[in-house]
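Q: Residue numbers (my numbering), protein chains in the order written: chain U, 7 to 262; chain F, 630 to 885. One structure is given below, represented as structure tokens, and several questions about it will come after.
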Amino acid sequence: METINEIKRDILSSLLSQGKRADGRGMFDYRQIAVHSAPLQNAEGSALATIGKTQVMAGIKFDVAAPFPDRPTEGVLSTSADLLPLASHLFETGPPGDDSIELARVVDRGIRSANVVDLNSFFIEDEKVLALYLDIYVLDHDGNLIDASTLAAMAALLSARMPKIEEGKIVRGEFTGKLPVKDKVVSCTFGKLGSRLFLDPSLDEEKGMDCRLTLSTTDSHLCAGQKGGWGAISERDLMEMVDISLQKGKELRRLL
Amino acid sequence: MSQAESNKPKLLVDGKRIDGRATDELRPIRIVARVLNDADGSAYVEWGKNKVLAGVYGPSECIPRHDQSLYRSVVRCRYNMAPFSGAEEHGRSGPSRRSRELSKVIKEAFENVIISENFPRTQIEIFVEVLQSDGGTRCAAITAASVALADAGIPMKDLITAVAVGKIDGQMAIDLGKEEDNFGESDMPLAFSLRTGELLLFQMDGLLTREELQKGIAMAKAAAQKVHKLQVEAIRKVYEEPREERFLPVKGALEK
């Protein structure tokens with residue numbers, strides 16, 4: 007495997023030095039993106055997002071839970087990600103590994119920082135709040151899981167309906183309206199190899215690159231960031247990626 | 630079966646069931662093969678409101694090596710329910726006792742038909758994800774896994790076709806829905822090799838007489854013939870209408 011990755015890195019490196027990518031894309035082009043809203047009915051919100059051959063589903067369930075002791079009037083938002091073994095020969099069964107935990111936390115950070123969901127509106131009564139479980143389900147892995155997961159998560163939140171509450175309990179299948187969503191968060195993930203930057207790394211590119219950088223944005227602000235991999239990022243590179251993220255973010259938001 | 634009688638709905642009125650079906654009538658079923666890119670074979674099945682995705686990998690090197698067989702391929706199976714798949718509360722992640730048992734009996738059914746002696750020292754992995762559940766997920770799972778194995782080109786003696794049968798309000802009826810499963814008197818999931826007519830999966834709960842059991846098997850087998858046709862059609866379609874893109878058919882199939 008390692009030898010193959012070395013070969014992939016050589017190919018990627020020589021292509022990038024000519025300003026090219028294996029699939030003919032420009033350096034800052036996404037692969038084809040599609041977002042499908044509410045494919046599921048048992049979940050209170052759901053979406054499927056595809057970027058190229060990557061497919062990610064997000065599902066939302068509400069439960070009644072106890073609030074955190076330090077925030078007794080706030081609801082709970084819990085994000086998790088499953089890298090399903092059917093999605094890639096690289097994924098194994100078992101408890102969540104580092105990659106799925108990182109994926110869930112990066113998606114969560116963007117949504118939480120931008121206050122996409124107003125957790126104060128989840129208060130029911132003393133010691134009882136709504137908990138929103140956002141599950142990211144990776145179905146097919148061909149690179150850039152973070153952006154596909156953020157799109158799926160955001161689209162699922164936009165499709166979600168607020169459950170009806172009676173006597174402190176959820177009445178399943180009955181709703182009081184849409185989940186209020188304050189802002190639309192999207193993420194842009196870049197790869198870096200040598201001195202070259204490129205947007206939306208495919209799986210082959212991920213295997214060969216030095217590092218990645220993710221920037222999540224709202225219409226006006228940056229709201230989350232994450233660097234992954236051993237490579238280093240200069241301040242100039244960072245600012246270039248910031249500018250592209252803010253601009254590409256507008257295009258991505260139009261898909262939601 | 631032991632649900633409180635008081636809130637038990639009437640399951641049969643004038644020979645019609647809750648959803649208007651006759652006792653020998655299947656829910657609407659849709660099967661699409663080859664929906665994932667990385668998996669060697671895949672299939673998506675909608676069975677009533679059940680939505681199930683199966684992916685198959687192999688034959689590939691058997692890891693860990695002490696699990697290898699010198700004589701045949703090792704068949705593995707993971708049946709898993711998405712935490713957002715149910716209509717009730719958010720599911721726990723990780724395998725439950727129920728999903729481990731189902732994974733085992735599904736694996737054993739496929740061990741019968743896969744010609745595993747062709748591939749010593751290898752493994753064949755079957756992964757099934759229940760994206761939405763509404764009673765009868767294991768039958769949908771087996772039906773999907775069977776198509777995914779065929780799509781992967783794994784030699785089998787036969788496709789496996791599964792249909793459940795049960796007893797509601799004193800009558801035998803096929804393909805029980807969730808309400809019927811909860812409030813009915815008996816449920817019996819069955820999987821057939823229709824070429825030989827033999828049973829490859831047999832489970833039952835509740836009370837049945839000898840005659841009811843025999844009648845139920847005949848009813849399930851007749852229905853399985855219809856499901857089998859859909860399985861064959863789905864596999865044929867992959868070759869008759871070859872398509873470049875492999876995506877979960879959200880637009881046509883996943884939407885309400």
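Idealized CB from N, CA, C, for every residue including glycine.
Output the boundary residues of the beta strand (DSSP E) element that contains Asn709 of chain F.
A: Asn709 of chain F -> beta strand (DSSP E) spans Val703 to Met710.
Q: What did DSSP end up calling Ser745 of chain F once you bin it into helix, strand or coil?
A: Helix, per DSSP.
Q: By Cβ distance, which residues of its chain are closer than 6 Å to Ala166 of chain U, with the 5 residues on each side in sequence left out?
A: If we look at Ala166 of chain U and ignore the five residues flanking it on each side, its Cβ neighbours are Glu50, Gly51, Ile66 and Leu185.
Q: Under 7 Å Cβ-Cβ, which residues of chain U neighbour Val879 of chain F?
A: Those are His42, Pro45 and Leu54, listed as they occur along chain U.
Q: Report the rounded CA-to-CA distance for Leu829 of chain F versus Ser698 of chain F, giving the unit in angstroms.
A: If you take the alpha carbons of Leu829 of chain F and Ser698 of chain F, they lie about 22 Å apart.
Q: Classify Ser631 of chain F: buried if its beta carbon has 16 or more other beta carbons within 10 angstroms, exposed otherwise.
A: Because Ser631 of chain F carries a pLDDT of 47, less than 50, the predicted location of this residue cannot be relied on, and the following value inherits that uncertainty. Answer is exposed; the Cβ neighbour count stays below 16.
Q: Using C-beta distances below 6 Å, list every residue in its chain close to Leu136 of chain U, excluding the 5 sequence neighbours before and after it, in chain order.
A: For Leu136 of chain U, where only same-chain residues beyond five positions count, the Cβ hits under 6 Å are Phe68, Gly81 and Phe128.
Q: In the DSSP assignment, the alpha helix (DSSP H) including His857 of chain F goes from what residue to what residue?
A: Start and end: Arg839 to Glu869.
Q: Just to confirm the assignment: which complete beta strand (DSSP E) runs, minimum length 3, are found wholly within the region 636-665 of chain F?
A: Entirely contained in the region 636-665 of chain F, the beta strand (DSSP E) runs reaching 3 residues are, in chain order, 658-662.
Q: Taking the alpha carbon of Asp648 of chain F as the point to measure from, which residue in F:Leu823, F:Asp834, F:Cys691 and F:Glu808 has its own alpha carbon closest?
A: Ranking the options by Cα distance to Asp648 of chain F, first place goes to F:Glu808.
Q: When you compare the CB positions of Asp210 of chain U and Lys59 of chain U, do they come within less than 8 Å of one another, or not?
A: No, the Cβ-Cβ distance between Asp210 of chain U and Lys59 of chain U is not below 8 Å.
Q: Helix, strand or coil for Glu874 of chain F per DSSP?
A: The answer is coil: DSSP assigns Glu874 of chain F none of H, G, I, E or B.
Q: Would you mind sorting Thr85 of chain U into buried or exposed? The rule is 16 or more other CB atoms within 10 Å of its CB.
A: Buried is the call here.
Q: How is Ser193 of chain U classed by DSSP in three states: helix, strand or coil?
A: Note: Ser193 of chain U maps to strand in three-state DSSP.
Q: Are the beta-carbon atoms of Asp816 of chain F and Asp787 of chain F separated by less than 8 Å?
A: Contact: no.
Q: How would you label Phe831 of chain F, buried or exposed, when you count the other beta carbons within 10 angstroms and need 16 or more for buried?
A: Phe831 of chain F comes out exposed.
Q: Excluding five sequence neighbours on each side, which residues of the same chain lie with their C-beta closer than 8 Å to the C-beta of Leu90 of chain U?
A: Taken in chain order, the residues that qualify are Phe97, Tyr143, Val144 and Leu145.
Q: Tyr36 of chain U touches chain F at which residues, Cβ-Cβ below 9 Å?
A: Those within 9 Å of Tyr36 of chain U in chain F number zero; the least Cβ separation is about 16 Å.
Q: Rounded to whole angstroms, how far is the Cβ of Val792 of chain F from the Cβ of Ala849 of chain F, which I believe are closer than 8 Å?
A: Their Cβ separation, rounded to whole angstroms, is 5 Å, which keeps Val792 of chain F and Ala849 of chain F in contact under 8 Å.
Q: When DSSP builds the beta bridges, which residues end up paired with Ile130 of chain U?
A: Paired residues: none, contrary to the question.
Q: With DSSP run on the structure shown, which of helix, strand or coil describes His695 of chain F?
A: Of the three classes helix, strand and coil, the one that applies to His695 of chain F here is helix, per DSSP.
Q: Can you give me, in chain order, the residues of the region 696-710 of chain F that have a beta carbon less than 7 Å from any beta carbon in chain U?
A: Cβ contacts with chain U come from Arg707.
Q: Note down, in chain order, each residue of its chain lying with its Cβ closer than 7 Å to the Cβ of Ala71 of chain U, except the 5 sequence neighbours on either side.
A: If we look at Ala71 of chain U and ignore the five residues flanking it on each side, its Cβ neighbours are Val82, Val135 and Ala137.
Q: Got a sec, what are the start and stop residues for the alpha helix (DSSP H) Arg118 of chain U sits in?
A: Run containing Arg118 of chain U: Asp104 to Ser119, per the alpha helix (DSSP H) assignment.
Q: CB of Pro878 of chain F to nearest heavy atom of the ligand FMN: below 7 Å?
A: Of the ligands one can find in the structure shown there are none, so the ligand FMN has no counterpart to examine.
Q: What residue does the beta strand (DSSP E) around Gly214 of chain U start on, and which one ends it?
A: Careful: Gly214 of chain U lies outside any beta strand (DSSP E), inside the alpha helix (DSSP H) at Leu209 to Gly214.
Q: Going along chain U, which residues have a C-beta under 7 Å from Phe876 of chain F?
A: Within 7 Å Cβ-Cβ: Thr56 and Gln61.
Q: May I ask which residues mark the beginning and end of the alpha helix (DSSP H) holding Lys188 of chain U?
A: Note, Lys188 of chain U: premise wrong, no alpha helix (DSSP H); not H, not E.
Q: Measure the alpha-carbon distance for Leu221 of chain U versus Ala230 of chain U and round it to whole angstroms.
A: Those two C-alpha atoms are separated by around 6 Å.
Q: What in chain A is Cβ-close to Ala773 of chain F, meaning under 9 Å?
A: In the displayed structure, chain A is absent; the protein chains listed are U and F.
Q: Give a yes or no on whether the C-beta atoms belonging to Tyr708 of chain F and Val757 of chain F are separated by under 8 Å.
A: In this structure, Val757 of chain F lies closer than 8 Å to Tyr708 of chain F by Cβ.
Q: Could you have a look at Phe97 of chain U and say whether DSSP puts it in helix, strand or coil?
A: In this structure, Phe97 of chain U counts as coil in the three-state DSSP scheme.
Q: Nearest-angstrom Cα distance between Glu162 of chain U and Gly723 of chain F?
A: First, the residue type needs correcting, since residue 162 of chain U is Ala and not Glu in the sequence shown. Taking the straight line from one Cα to the other gives about 22 Å.
Q: Are Met168 of chain U and Gly197 of chain U close, meaning C-beta to C-beta below 8 Å?
A: It is not a contact, given that the beta carbons lie outside the stated cut-off.
Q: What residues in the region 7-28 of chain U have a beta carbon less than 8 Å from any beta carbon of chain F?
A: Hits within the stretch: zero.
Q: At the 8 Å Cβ level, is Glu173 of chain U part of the contact set with chain F, yes or no?
A: It does not; no Cβ of chain F falls within 8 Å.
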